[in-house]
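Colleague: Structure below; questions to follow.
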Amino acid sequence: MTSLAIFASGNGTNMEAIAQYLSEHPSLGIRIGCVVVDRRDAFVRRRAKAHGIPDHYLTSEELQDPAVLLPLLRSYRVDRVILAGYLRKIPLFMLEAFPHRILNIHPALLPKYGGKGMYGQHVHEAVHAAGERTTGITIHEIDEQYDRGRTIFQAEVEIDPTQDSPDVIAQKVHALEHEHFPRVVAEWCRDTL
Numbered sequence: 371m372t373s374l375a376i377f378a379s380g381n382g383t384n385m386e387a388i389a390q391y392l393s394e395h396p397s398l399g400i401r402i403g404c405v406v407v408d409r410r411d412a413f414v415r416r417r418a419k420a421h422g423i424p425d426h427y428l429t430s431e432e433l434q435d436p437a438v439l440l441p442l443l444r445s446y447r448v449d450r451v452i453l454a455g456y457l458r459k460i461p462l463f464m465l466e467a468f469p470h471r472i473l474n475i476h477p478a479l480l481p482k483y484g485g486k487g488m489y490g491q492h493v494h495e496a497v498h499a500a501g502e503r504t505t506g507i508t509i510h511e512i513d514e515q516y517d518r519g520r521t522i523f524q525a526e527v528e529i530d531p532t533q534d535s536p537d538v539i540a541q542k543v544h545a546l547e548h549e550h551f552p553r554v555v556a557e558w559c560r561d562t563l
């Protein structure tokens with residue numbers, strides 16, 4: 371059984387989509403062991419509870435402390451880590467503990483619109499301001515730099531730079547995330563990507 375830790379900072383719709391997908395495909399042998407959050411009031415905690423998944427709020431200091439974070443993940447026998455709307459940079463000790471086993475989803479077609487400060491609505495606003503005709507998602511393994519690492523999967527969607535507001539762009543990107551992220555996570559966990 372593969373055990374995932376999902377790191378999240380916000381609403382948790384991607385965590386919920388993954389949880390739903392895994393519950394519908396038990397033969398995959400993948401479960402969410404725990405959810406780790408960096409905001410005490412993150413709504414993802416309610417979503418986790420609704421799915422019977424333990425959640426843990428950790429302070430910034432605890433998230434940077436291998437003596438706190440690694441034993442927590444070991445207690446759930448975590449094999450892989452999924453970043454689903456997690457806004458902090460992952461410390462080096464995590465990359466060493468989970469080499470090529472930390473997956474992130476980014477709301478743009480990397481390498482465009484990546485890097486420090488480029489997350490969520492900031493990305494959609496930048497895509498809109500640039501007059502792009504397409505945007506999408508990039509699912510990638512992470513490394514020491516923001517929004518780098520081996521690309522596992524990309525999907526794109528057409529947008530109309532004259533008609534689609536950043537909010538409409540966000541809706542289109544969220545639809546792609548929910549359509550593809552759970553399946554890609556499962557395939558990646560089974561080493562088929």
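The numbering of the sequence shown is the numbering used here, which starts it at 371 and goes up by one.
For glycine and all other residues, C-beta sits at the position ideal for the given N, C-alpha and C.
Which whole-angstrom value is the C-beta distance of glutamine 524 and glycine 506, which I expect to be below 8 angstroms?
Modeller: 6 angstroms
Colleague: With distance defined between alpha-carbon atoms, name the residue in Asn381, Arg444, Gly422, Ile460 nearest to isoleucine 512.
Modeller: Ile460
Colleague: So, with DSSP's three-state summary, where would you put threonine 383?
Modeller: helix
Colleague: Just to confirm the assignment: which complete alpha helix (DSSP H) runs, minimum length 4, are found wholly within the stretch 451-517?
Modeller: As for any alpha helix (DSSP H) of minimum length 4 sitting wholly inside the stretch 451-517, the runs are 462-467, 490-499, ordered along the chain.
Colleague: Looking at alanine 478: is its Cβ nearer than 8 angstroms to the Cβ of glycine 487?
Modeller: no
Colleague: Since asparagine 384 contacts alanine 454 with CB under 8 angstroms, what's their CB separation in whole angstroms?
Modeller: Indeed, because the Cβ distance is near 4 angstroms, the residues count as touching under 8 angstroms.
Colleague: For the stretch 538-553 against the stretch 386-393, are there 3 or more C-beta pairs whose distance is under 8 angstroms?
Modeller: yes
Colleague: CB valine 405 to CB aspartate 435, shorter than 8 angstroms?
Modeller: no
Colleague: Could you name the residues of the same chain whose beta carbon sits closer than 8 angstroms to that of glutamate 432, not counting the 5 residues immediately before and after it, in chain order?
Modeller: Here the set comprises Val438, Leu439.
Colleague: Kindly indicate the opening and closing residues of the beta strand (DSSP E) around valine 405.
Modeller: 400-407
Colleague: Give the DSSP bridge partners of leucine 374, in chain order.
Modeller: Checking the DSSP bridge columns, you'll see leucine 374 partnered with Ile402, Arg450.
Colleague: What is the rounded straight-line gap between the Cα of glycine 399 and the Cα of serine 393?
Modeller: 10 angstroms
Colleague: How close, in whole Å, do the beta carbons of histidine 498 and serine 445 come, if the pair is a contact with beta carbons under 8 angstroms?
Modeller: Between histidine 498 and serine 445, the beta carbon gap of about 43 angstroms keeps them out of contact (Cβ cut-off 8 angstroms).
Colleague: Checking 8 angstroms against the spacing of the C-beta atoms, do tyrosine 489 and phenylalanine 377 come in under that value?
Modeller: no
Colleague: Using the Cβ count rule (16 or more neighbours within 10 Å means buried), how would you classify leucine 473?
Modeller: So leucine 473 ends up on the buried side.
Colleague: Using only the alpha-carbon positions, how far apart do glycine 519 and tyrosine 427 sit?
Modeller: 27 angstroms
Colleague: To the nearest angstrom, how far is the alpha carbon of histidine 470 from that of aspartate 537?
Modeller: 33 angstroms
Colleague: Could you name the residues that DSSP lists as bridge partners for glutamine 524?
Modeller: Thr508
Colleague: What are the boundary residues of the alpha helix (DSSP H) that aspartate 425 is part of?
Modeller: Under the DSSP assignment, aspartate 425 falls outside any alpha helix (DSSP H), being part of the beta strand (DSSP E) whose first and last residues are 425-427.
Colleague: Output the distance between the C-alpha atoms of alanine 412 and alanine 418, rounded to the nearest integer angstrom.
Modeller: 11 angstroms
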